[in-house]
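Residue numbers (the working numbering): 312 to 390.
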C-alpha cells in the first residue's frame with residue numbers, strides 16, 4: 312500500500328472515530344459502556360433463570376409440563 316493510500320485510510324478511520332464519538336457522546340468511555348452492558352446482561356440472565364425455576368415449580372404444583380406452562384402464558388422458546 313502506498314504512503315498516499317495509507318494516509319487516506321488513516322484519515323477515513325479518524326473520521327469514522329469522530330462520527331462514532333458523536334453518536335456515543337464526546338466524554339463517553341467505550342469500556343464503561345461495554346462493562347455496564349455486560350452487567351445488565353448478567354442481571355437479565357439471573358432474572359430469567361429465577362423465572363424458569365418458578366415456572367418449573369408451578370408446573371410441578373399443577374402436575375403439568377414446563378412447556379404447557381409456557382403455552383398457557385403465551386411464552387415462546389425465545390422468552
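For every residue, glycine included, the Cβ atom is placed at its ideal position computed from N, Cα and C. Please read all numbers here as calculations on a predicted model, not as lab measurements.
Item	Value
Neighbour-count burial assignment, residue 321, 16 or more Cβ in a 10 Å radius	exposed
Extent of the continuous alpha helix (DSSP H) to which residue 363 belongs	341 to 373
Alpha carbon of residue 381 to alpha carbon of residue 349, nearest angstrom	27 Å
DSSP three-state assignment for residue 338, whether helix, strand or coil	coil
As assigned by DSSP and simplified to three states, the class of residue 324	helix
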